[in-house]
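Chains as they are written, first to last, in the numbering used here: chain A, 349 to 758; chain B, 149 to 466; chain C, 74 to 363.
All C-beta atoms in this analysis are idealised placements derived from N, C-alpha and C, irrespective of residue type, glycine included.
Remember, it's a predicted structure, so these values are computed and weren't measured experimentally.
Structure first, then comments.
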Amino acid sequence: MARRSSTISRRRFLRTTALGTTAAAGLLHAPAVLRAQAPTVKIGVLHPVSGALSYSGQQGRLGATMAIDEINTSGGIKALGGAKIDPMLGDAQSTPDGGNAEVEKMNAAPVCAVVGGYASAICLSATQTAARYDLPYVVDVGVVDSIVTRGLKNTFRFGPGFGVIAKTALENLVAINDQAGKPAKTVVIVHEDSAFGAGLAKLLNAQLPDKGFQVLDTIPHPTPTREFESIVLKIKAANPDLVIPANYYNEYVLLARTMLQQHVRPRAIYSVLGGAASSYKFVKEFPEAAQYIMDCNHWFNPKNPKALALKKQVEDKGQFYTYEVYMNYSVVLLLADAIERAASTDRAKIIDAIASSTFSGHVMPYGPTKFANGQNQGAAPVNTQVQGNDIQVILPETFASAKPVFPMPA
Amino acid sequence: MKAYFAIFGTVALLSLVPFVTTSNVVLNFLVMTLLIALAGQGWNLLGGYGGQYSFGHAAFFGTGAYATAILQVRCDLNAWLGLVVGIAAGMLVGAAIGGMTFRSGLKGSYFSLVTLAFAEVLRIVASVAPITGAGVGTLIKLDLRPEAFQFQSRAPFYWIALAFVGLSLIVVRTIEESRFGAYLVAIRENEDAAQALGVNTFALKLAAMTISAAMTAAAGCFYAQYFLFIDAPIAYGSWISIDALLAPIVGGVGTLFGPLIGALVIKTLGEATKLLTGGAPGLDLVIYGVVLIAVVGLAPRGVAGWLRRAPQSERSRG
Amino acid sequence: MLSPVILIPAVLNGLMTGAIYALVALGLTLIYGVLHIINFAHGALLSAAMFAAFFAHAQLGLDPYLAAVFLTPLFFLFGYGLQRFLIGPAAHGEDRNFLLVTLGLAIVIENALLYAFRADTRTINLPYAFSTIEVGSAFLAVPRVIAFVAVVAVTAVLWAIMQWTDTGKAIRAVAKEKLGAELSGIDVAHIYAVTFGLGTACVAVAACLLIPTYYVNPTAGDAFVLIAFTIVVLGGMGSITGALTGGLFVGLVESLSSVFLGQSLGQIGIFVMFIVVLLLRPNGLFGERA
Numbered sequence: 349m350a351r352r353s354s355t356i357s358r359r360r361f362l363r364t365t366a367l368g369t370t371a372a373a374g375l376l377h378a379p380a381v382l383r384a385q386a387p388t389v390k391i392g393v394l395h396p397v398s399g400a401l402s403y404s405g406q407q408g409r410l411g412a413t414m415a416i417d418e419i420n421t422s423g424g425i426k427a428l429g430g431a432k433i434d435p436m437l438g439d440a441q442s443t444p445d446g447g448n449a450e451v452e453k454m455n456a457a458p459v460c461a462v463v464g465g466y467a468s469a470i471c472l473s474a475t476q477t478a479a480r481y482d483l484p485y486v487v488d489v490g491v492v493d494s495i496v497t498r499g500l501k502n503t504f505r506f507g508p509g510f511g512v513i514a515k516t517a518l519e520n521l522v523a524i525n526d527q528a529g530k531p532a533k534t535v536v537i538v539h540e541d542s543a544f545g546a547g548l549a550k551l552l553n554a555q556l557p558d559k560g561f562q563v564l565d566t567i568p569h570p571t572p573t574r575e576f577e578s579i580v581l582k583i584k585a586a587n588p589d590l591v592i593p594a595n596y597y598n599e600y601v602l603l604a605r606t607m608l609q610q611h612v613r614p615r616a617i618y619s620v621l622g623g624a625a626s627s628y629k630f631v632k633e634f635p636e637a638a639q640y641i642m643d644c645n646h647w648f649n650p651k652n653p654k655a656l657a658l659k660k661q662v663e664d665k666g667q668f669y670t671y672e673v674y675m676n677y678s679v680v681l682l683l684a685d686a687i688e689r690a691a692s693t694d695r696a697k698i699i700d701a702i703a704s705s706t707f708s709g710h711v712m713p714y715g716p717t718k719f720a721n722g723q724n725q726g727a728a729p730v731n732t733q734v735q736g737n738d739i740q741v742i743l744p745e746t747f748a749s750a751k752p753v754f755p756m757p758a
Numbered sequence: 149m150k151a152y153f154a155i156f157g158t159v160a161l162l163s164l165v166p167f168v169t170t171s172n173v174v175l176n177f178l179v180m181t182l183l184i185a186l187a188g189q190g191w192n193l194l195g196g197y198g199g200q201y202s203f204g205h206a207a208f209f210g211t212g213a214y215a216t217a218i219l220q221v222r223c224d225l226n227a228w229l230g231l232v233v234g235i236a237a238g239m240l241v242g243a244a245i246g247g248m249t250f251r252s253g254l255k256g257s258y259f260s261l262v263t264l265a266f267a268e269v270l271r272i273v274a275s276v277a278p279i280t281g282a283g284v285g286t287l288i289k290l291d292l293r294p295e296a297f298q299f300q301s302r303a304p305f306y307w308i309a310l311a312f313v314g315l316s317l318i319v320v321r322t323i324e325e326s327r328f329g330a331y332l333v334a335i336r337e338n339e340d341a342a343q344a345l346g347v348n349t350f351a352l353k354l355a356a357m358t359i360s361a362a363m364t365a366a367a368g369c370f371y372a373q374y375f376l377f378i379d380a381p382i383a384y385g386s387w388i389s390i391d392a393l394l395a396p397i398v399g400g401v402g403t404l405f406g407p408l409i410g411a412l413v414i415k416t417l418g419e420a421t422k423l424l425t426g427g428a429p430g431l432d433l434v435i436y437g438v439v440l441i442a443v444v445g446l447a448p449r450g451v452a453g454w455l456r457r458a459p460q461s462e463r464s465r466g
Numbered sequence: 074m075l076s077p078v079i080l081i082p083a084v085l086n087g088l089m090t091g092a093i094y095a096l097v098a099l100g101l102t103l104i105y106g107v108l109h110i111i112n113f114a115h116g117a118l119l120s121a122a123m124f125a126a127f128f129a130h131a132q133l134g135l136d137p138y139l140a141a142v143f144l145t146p147l148f149f150l151f152g153y154g155l156q157r158f159l160i161g162p163a164a165h166g167e168d169r170n171f172l173l174v175t176l177g178l179a180i181v182i183e184n185a186l187l188y189a190f191r192a193d194t195r196t197i198n199l200p201y202a203f204s205t206i207e208v209g210s211a212f213l214a215v216p217r218v219i220a221f222v223a224v225v226a227v228t229a230v231l232w233a234i235m236q237w238t239d240t241g242k243a244i245r246a247v248a249k250e251k252l253g254a255e256l257s258g259i260d261v262a263h264i265y266a267v268t269f270g271l272g273t274a275c276v277a278v279a280a281c282l283l284i285p286t287y288y289v290n291p292t293a294g295d296a297f298v299l300i301a302f303t304i305v306v307l308g309g310m311g312s313i314t315g316a317l318t319g320g321l322f323v324g325l326v327e328s329l330s331s332v333f334l335g336q337s338l339g340q341i342g343i344f345v346m347f348i349v350v351l352l353l354r355p356n357g358l359f360g361e362r363a
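Structure (structure tokens):
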């Protein structure tokens with residue numbers, strides 16, 4: 349739509365209406381042209397920092413801002429004359445329309461790219477809005493496969509999607525089980541009933557029988573769930589060798605505690621994207637309930653010194669080193685690298701730069717990035733296990749820091 | 149007559165916005181505001197005029213949204229037809245819920261809580277039923293063509309939403325001036341007396357509920373078309389039940405422009421508080437809540453009621 | 074699934090969970106019965122009380138059951154103040170305004186908690202949190218058994234207050250016939266505030282009973298409110314015994330339908346039951362006029 353009125357008369361009109369307050373506010377983030385230009389590169393950082401997902405959102409924002417600070421203190425984007433990255437922090441308020449509104453503001457600012465989103469629902473909507481403006485968007489965590497199967501050229505995902513996670517989880521489970529002489533045959537799946545839990549349960553149900561496992565029961569539950577006694581009763585009744593949980597932190601903690609309380613001890617707890625299973629917070633607060641729990645989840649590369657340095661930095665700030673932190677950290681570094689290589693803040697060039705990137709300056713166990721249809725091909729989860737009061741990587745062997753303990757000692 | 153001029157005037161004025169600003173931030177904000185105003189007008193008919201406060205309008209919103217989304221995705225139904233079917237589906241649900249609850253004689257807070265329960269049941273069913281995609285939700289394919297009810301620019305959405313809001317205003321005004329409206333108000337003021345006078349309160353409440361559901365369902369269909377993704381907490385979540393009643397009550401319950409004014413006020417307030425507090429999580433909403441309480445304290449009859457206190461303000465007839 | 078090994082623990086669990094629900098509902102029903110308002114801020118108040126209980130343990134080392142002793146009067150005063158000086162004046166006596174004000178209050182409290190304490194869930198680890206009492210095939214968690222006993226005790230105390238103290242009688246008078254009560258010299262604004270205070274105090278006790286086995290974050294209380302509404306309606310708005318029996322009943326239904334239908338679908342069981350009961354008995358199970 350062509351601009352008809354001049355800037356001044358538009359401002360005068362808008363000032364006199366209630367709309368003016370918001371529109372004027374939008375204009376306050378005026379294009380760089382109207383301000384004295386200090387060389388900066390604006391990027392949008394979108395996370396659900398309030399509402400139901402606020403903890404994860406805040407952690408994600410932490411990782412992203414730490415990466416930005418690091419880049420800025422070491423000289424900014426050198427290809428653009430040392431331009432510093434200027435983050436525009438957006439609160440998606442844990443809803444798609446919230447995320448959508450923020451992306452609109454980011455586009456108007458304008459930013460040259462957006463990172464984050466966290467939740468699949470937010471990512472789906474936000475990436476679509478960004479696509480209208482050919483605004484590059486790099487998803488941090490959101491795992492549903494549809495994020496990268498819509499043919500949107502602007503959308504990239506650094507981390508793995510469902511399909512890969514379920515496949516890896518299964519392969520590793522079989523490997524661990526075989527290695528120990530196949531002690532586990534029967535399975536009970538406990539999952540939360542939204543996108544991620546339900547999707548995962550479906551995939552597992554389809555593929556577990558082929559690998560020689562028998563699924564005795566699949567138990568969905570809502571988020572939040574107030575008590576797990578009934579679920580644990582059902583687990584007890586089924587008496588499986590293996591319990592596979594897939595849920596968020598709070599519910600995972602309640603489940604693990606209730607199982608301990610009710611003396612339900614399967615041969616192993618093997619979670620997939622378990623909310624607390626690979627969480628330092630969980631291990632610190634509930635060491636007995638956490639022992640020997642295995643998880644197939646996002647995890648940093650324990651052999652990467654940068655990852656360990658970041659861990660120390662985060663813990664010095666009094667925060668836990670959770671996956672949202674290091675994934676967002678990596679995503680921002682990836683983006684900065686793309687901007688360097690594009691040597692420009694032009695959106696199309698950045699999209700091309702990301703699509704062709706072979707970035708290995710991140711802290712994840714993925715190898716150099718390689719994007720096909722927006723998905724980073726090397727992205728995969730790893731298997732961890734709580735041993736003692738630490739979390740070790742047990743598979744794949746290239747990144748392993750300990751051997752699996754399976755089945756759990758009696 | 150004056151009121152119809154007011155309606156046309158407002159719609160005409162608002163339709164100029166896309167010519168005055170190309171900011172998609174503003175247009176996006178206004179589209180959401182209009183959606184809330186539309187959903188709220190539906191609530192207003194039943195609650196403001198009819199006196200039956202529903203806490204579960206999400207039931208209609210979500211039904212409209214899911215109906216159009218599912219039919220597009222699974223049956224390749226045209227999106228415009230989806231809108232029609234979505235509204236019809238919403239009306240059906242409205243008639244069903246209204247039929248059951250009014251037949252039982254549920255009133256007041258019990259009625260409110262039962263509508264809440266219905267919305268919750270629908271939400272839980274939608275979150276596990278395969279047809280809605282269960283937890284994964286339903287994604288409408290991006291297809292930026294007018295025939296598919298999707299547009300490259302935000303402006304057409306804005307105009308269509310505005311048109312529907314205008315339509316809802318005309319519908320409510322017509323009801324306001326009609327006998328139906330008078331009966332509704334009588335039911336609101338004293339249902340027993342109205343019944344004693346021979347008014348068929350059941351049929352009237354049912355009709356109000358059905359029309360109310362139609363409006364809110366339309367808002368749901370729009371939401372689906374605009375964001376192209378819905379799942380159970382979005383479609384049937386309490387957020388829309390709350391917004392649908394917040395807007396009319398803040399704007400002036402039982403008034404024609406109440407929902408529109410109220411929607412503008414609460415959405416603007418939300419944005420303003422976000423701006424004021426920068427990135428601090430939660431602080432913006434604290435201020436929002438405080439202002440909300442203050443607004444209620446200072447304008448107990450809603451903004452429209454407060455405006456009406458001024459001597460030269462418009463008085464609505466009937 | 075029907076074996077007593079599963080059924081008996083399910084029944085006992087349901088009763089214990091139901092007790093907590095009952096206590097939350099108790100606060101709500103008192104407020105509704107007297108002020109005739111649905112208190113939207115109830116969940117947020119529960120979250121706030123849970124934070125208070127958490128910090129009492131984390132900072133002062135107080136066992137939650139001991140913390141309840143001073144948190145209860147504290148929250149009573151808080152609730153009293155809220156009603157007397159904020160909600161009452163702001164609402165100007167209109168029902169729908171009460172709705173909006175308590176809604177606004179809920180938003181303020183929840184987000185103030187978010188701003189002050191961030192979103193991380195906190196839990197406390199008590200030495201006896203994992204102890205269980207064995208009853209047949211069931212392992213009953215000690216904190217939950219304590220909670221059950223405490224709830225029955227609190228209900229009895231509240232009932233006694235209502236029956237035998239002057240304030241209690243004044244409350245019942247205002248609930249039954251506000252104008253008449255006013256005319257006989259009862260300070261209605263004060264009684265309203267006392268009632269709201271009592272409701273908030275109930276929530277404080279519930280928080281202390283919950284914290285050994287549950288977690289706290291700014292939205293933790295919300296999970297209990299919807300089900301509390303259900304209980305209030307089933308048990309009859311304003312009925313103390315109704316809240317207790319309704320709570321236990323709902324807890325039972327939830328537990329059994331979770332076992333048979335699964336947790337997700339089981340939630341539907343509660344709401345469907347709620348709808349069916351109301352359709353058949355539009356004035357609640359114990360017939361108070363809305």
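Where residue i meets chain A, residues with beta-carbon distance less than 9 Å
i, result
"residue 262 of chain B", "In chain order: nothing, as chain A lies at least about 21 Å away."
Extent of the continuous alpha helix (DSSP H) to which residue i belongs
i, result
"residue 295 of chain B", "That residue, residue 295 of chain B, is in no alpha helix (DSSP H); it is neither H nor E in DSSP."
"residue 246 of chain B", "227–251"
"residue 416 of chain A", "402–421"
Reference residue i, options the options, closest by Cα
i, options, result
"residue 218 of chain C", "C:122, C:346, C:198 and C:204", "C:204"
"residue 601 of chain A", "A:586, A:751 and A:577", "A:577"
"residue 356 of chain C", "B:253, B:380, B:403 and B:298", "B:253"
"residue 649 of chain A", "A:617, A:728, A:607 and A:501", "A:728"
"residue 247 of chain C", "C:116, C:268, C:286 and C:91", "C:268"
"residue 262 of chain B", "B:170, B:349, B:187 and B:200", "B:200"
"residue 450 of chain A", "B:443, B:175 and B:343", "B:175"
"residue 537 of chain A", "A:556, A:520 and A:519", "A:556"
Rounded straight-line distance, which links the Cα of residue j to that of residue i
i, j, result
"residue 145 of chain C", "residue 111 of chain C", "22 Å"
"residue 277 of chain C", "residue 104 of chain C", "15 Å"
"residue 472 of chain A", "residue 178 of chain C", "32 Å"
"residue 752 of chain A", "residue 524 of chain A", "7 Å"
"residue 127 of chain C", "residue 664 of chain A", "24 Å"
"residue 755 of chain A", "residue 669 of chain A", "27 Å"
Neighbouring residues, chain B, relative to residue i (Cβ below 9 Å)
i, result
"residue 345 of chain C", "265 and 269"
Burial state of residue i (16 or more Cβ within 10 Å)
i, result
"residue 152 of chain B", "exposed"
"residue 149 of chain B", "exposed"
"residue 653 of chain A", "exposed"
"residue 223 of chain B", "exposed"
Residue range of the unbroken beta strand (DSSP E) whose run includes residue i
i, result
"residue 158 of chain C", "Per DSSP, residue 158 of chain C belongs to no beta strand (DSSP E) and is neither H nor E."
Amino acids of chain B, ordered along the chain, whose beta-carbon sits closer than 8 Å to that of residue i
i, result
"residue 167 of chain C", "448"
Contacts of residue i in chain C (Cβ-Cβ under 7 Å)
i, result
"residue 541 of chain A", "337"
Chain C contact residues for residue i, given Cβ-Cβ distances below 8 Å
i, result
"residue 400 of chain A", "292"
"residue 273 of chain B", "341"
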